[in-house]
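Whatever position you read off the sequence shown (first residue = 1), add 803 for my numbering.
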Amino acid sequence: MLTLYRQEPFQLTACYAFPNLIPHLSREIGTWRVKDVKPGADNGARKVKVKVRVNPNGVFSVCSATMYETVECKEEEKVPEPMETDESAKGVQKDDSKEGDDKAKERDDKAVNGPVENKPKTKTITIDLPIEEYTPSVANVPTLVQLELEMQAADRREKEKADAKNAVEEYVYYMRDKLAESYADFITSKDADQFQSMLSATEDWLYGDGEDTEKNVYEAKLAELKKIGEPVQERYREHENRRGAFDDFDRAIIRARKAYDEYSKGAEKYAHIESKDMEKVISAVEEKKKWLDEQRGRQERHPKTDAPVIFVHQIVQEKEKFESIVLPILNKPKPKPKKESKPAAKGEDRSADEVNTAAGKTGPTAASGEGVPPVTPNDMEVD
804 MLTLYRQEPF
814 QLTACYAFPN
824 LIPHLSREIG
834 TWRVKDVKPG
844 ADNGARKVKV
854 KVRVNPNGVF
864 SVCSATMYET
874 VECKEEEKVP
884 EPMETDESAK
894 GVQKDDSKEG
904 DDKAKERDDK
914 AVNGPVENKP
924 KTKTITIDLP
934 IEEYTPSVAN
944 VPTLVQLELE
954 MQAADRREKE
964 KADAKNAVEE
974 YVYYMRDKLA
984 ESYADFITSK
994 DADQFQSMLS
1004 ATEDWLYGDG
1014 EDTEKNVYEA
1024 KLAELKKIGE
1034 PVQERYREHE
1044 NRRGAFDDFD
1054 RAIIRARKAY
1064 DEYSKGAEKY
1074 AHIESKDMEK
1084 VISAVEEKKK
1094 WLDEQRGRQE
1104 RHPKTDAPVI
1114 FVHQIVQEKE
1124 KFESIVLPIL
1134 NKPKPKPKKE
1144 SKPAAKGEDR
1154 SADEVNTAAG
1164 KTGPTAASGE
1174 GVPPVTPNDM
1184 EVD
């Protein structure tokens, strides 16, 4: 609630307190004009109370405006006194002496203090004032929405540009540190010096001409650096993961050879596998073992500063092909034994079903009580 003192119509304008925190070009929320404000009887300002609120959706509005006015109350007309009667006359005679004393005292007071002025009675009335609101209309909404979309697109472009610039800066710092540490064995000294010079030049450019440029320029600069840096990273990554891939393949080959050796010794768990299938297993073992040893030897003789002879994903693919041949054979389940029905021995009691069948009956036995229809009164014999 706002309390103001005004002599004439006035205008209220609402604005955002921190315009830098809102995604708008204008900090103004709206304007409200309070009308019909007039000066008081003494041409002075009148008190006006304006009620404002923010609803749960965060929308600011001016709800009402009320002007307060003080006016004099008219004195009520005196009611004529009733006529004197005999009884009232007697009462008047009794109080005459007292009333005379009061009047005499009142005359003495007037003589000393002067005449007493009667103050007029006043009261305060409220007057609701009309308000004109000047906020964006429905007709302006499409234009404002378009402006909002344009601002969002501009913000998005600025963010993408900043991200592209940060990516170049981070790559420069990252590669500079790695070239002096873990990547040192995977790039020649000459190439390393040239790359370091290129990284330093890029850093200078970022804080000079490249301080504020377009997104595609940053992306092109990063691609230029990665053209040299990514092969170095790849050589390092392949070197770190290649040994594990070779070892996994070795273990798969050893397991398959061990299974073949157990089969050759007559192991029970592989006795159900046909010999032609096991020949496929040992053939795959020998073939992949030879291939693995050749690739390992070639890579060990190859310089670390050159591209790998064999890549990790190729080793994994060869291992998967090998396992797709041997595992279905080695994991082949044993066939289940056939159930054979044995003939009943001489003198052995036959089952109840066999007895019923021999007697020409089918279905469950009567002794079990199943399959026998219930006896009804109509089925009973009557004499």
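No residue lacks a Cβ here, since even glycine has one placed at the ideal position from N, Cα and C.
{"Check": "For residue 1172, is the classification buried or exposed, using 16 other Cβ atoms within 10 angstroms of its Cβ as the cut-off for buried?", "Outcome": "The predicted position of residue 1172 is uncertain, since its pLDDT is 41 and thus under 50; no value can be drawn from it."}
{"Check": "By the 10 Å Cβ neighbour count, where 16 or more other Cβ atoms means buried, how is residue 821 classified, buried or exposed?", "Outcome": "exposed"}
{"Check": "Helix, strand or coil, according to DSSP, for residue 1080 in the structure here?", "Outcome": "helix"}
{"Check": "Less than 8 Å between the CB atoms is what I'm expecting for residue 852 and residue 805, so what's the real figure, rounded?", "Outcome": "7 Å"}
{"Check": "How many Å lie between residue 935 and residue 835 at the Cα?", "Outcome": "6 Å"}
{"Check": "Measuring CA to CA, which of 1138, 1078 and 842 is closest to residue 811?", "Outcome": "842"}
{"Check": "Taking only the alpha-carbon atoms, compute the straight-line gap between residue 996 and residue 979 and give it to the nearest angstrom.", "Outcome": "11 Å"}
{"Check": "Please state whether DSSP places residue 1118 in a helix, a strand or coil.", "Outcome": "helix"}
{"Check": "Look up residue 1001 in the DSSP assignment and say whether it is helix, strand or coil.", "Outcome": "helix"}
{"Check": "Measure from the alpha carbon of residue 1018 to the alpha carbon of each residue in 959, 974, 991 and 1035, then state which is nearest.", "Outcome": "959"}
{"Check": "By Cβ distance, which residues of its chain are closer than 7 Å to residue 1122, with the 5 residues on each side in sequence left out?", "Outcome": "1051, 1052 and 1055"}
{"Check": "By Cβ distance, which residues of its chain are closer than 8 Å to residue 1028, with the 5 residues on each side in sequence left out?", "Outcome": "971, 974, 975, 978, 1001, 1002 and 1005"}
{"Check": "Of the choices 1062, 924 and 871, whose alpha-carbon is the least far from that of residue 931?", "Outcome": "871"}
{"Check": "Indicate, with yes or no, if the ligand GTP has a heavy atom lying under 6 Å from the CB of residue 810.", "Outcome": "Annotation note on the ligand GTP: not contained in the displayed structure, which lists no ligands."}
{"Check": "Tell me which residues share the same chain as residue 966 and place their Cβ nearer than 6 Å to its Cβ, disregarding the 5 neighbours each side in the sequence.", "Outcome": "none"}
{"Check": "For residue 1075, collect the residues of the same chain with a Cβ closer than 6 Å to its Cβ; drop the 5 residues on either side in sequence, then sort them by chain order.", "Outcome": "1137"}
{"Check": "Note down the Cα distance separating residue 988 from residue 994, rounded to an integer number of angstroms.", "Outcome": "12 Å"}
{"Check": "Once you ignore the five residues that flank residue 1090 on each side, which residues in its own chain have a CB closer than 7 Å to its CB?", "Outcome": "none"}
{"Check": "Between residue 1023 and residue 1112, what straight-line distance do the alpha-carbon atoms span, to the nearest angstrom?", "Outcome": "30 Å"}
{"Check": "In this structure, does DSSP put residue 814 in helix, strand or coil?", "Outcome": "strand"}
{"Check": "Going by DSSP, name the residue or residues bridged to residue 833.", "Outcome": "817"}
{"Check": "Using the three-state DSSP reduction, which class does residue 1010 fall into: helix, strand or coil?", "Outcome": "coil"}
{"Check": "Assuming residue 808 and residue 854 are in contact, meaning their beta carbons sit under 8 Å apart, how far apart are those beta carbons, in whole angstroms?", "Outcome": "Contact flag wrong, Cβ pair sits at about 16 Å."}
{"Check": "If distances are taken between C-alpha atoms only, which option among 1129, 991 and 969 comes closest to residue 1025?", "Outcome": "969"}
{"Check": "From residue 857 to residue 868, what distance separates their C-alpha atoms?", "Outcome": "16 Å"}
{"Check": "What first and last residue would you give for the alpha helix (DSSP H) that runs through residue 946?", "Outcome": "944-982"}
{"Check": "According to DSSP, is residue 1113 helix, strand or coil?", "Outcome": "coil"}
{"Check": "What residues are listed by DSSP as bridge partners for residue 751?", "Outcome": "There is no way to answer for residue 751, as the model of the chain reaches only from 804 to 1186."}
{"Check": "To the nearest whole angstrom, what separates the beta carbons of residue 832 and residue 817, a pair I think is in contact under 8 Å?", "Outcome": "4 Å"}
{"Check": "Need the endpoints of the beta strand (DSSP E) that residue 1015 sits in, please.", "Outcome": "Unbroken run through residue 1015: none, as it is neither H nor E."}
{"Check": "Quick check on DSSP: helix, strand or coil for residue 845?", "Outcome": "coil"}
{"Check": "How is residue 937 classed by DSSP in three states: helix, strand or coil?", "Outcome": "strand"}
{"Check": "If you measure between the beta carbons of residue 1084 and residue 1059, is that distance less than 7 Å?", "Outcome": "yes"}
{"Check": "What would DSSP say about residue 808, mapped onto helix, strand or coil?", "Outcome": "strand"}
{"Check": "Starting from residue 930 and walking both ways along the beta strand (DSSP E), at which residues does that stretch end?", "Outcome": "925-931"}
{"Check": "Which partner residues of residue 874 appear in the DSSP bridge assignment?", "Outcome": "926"}
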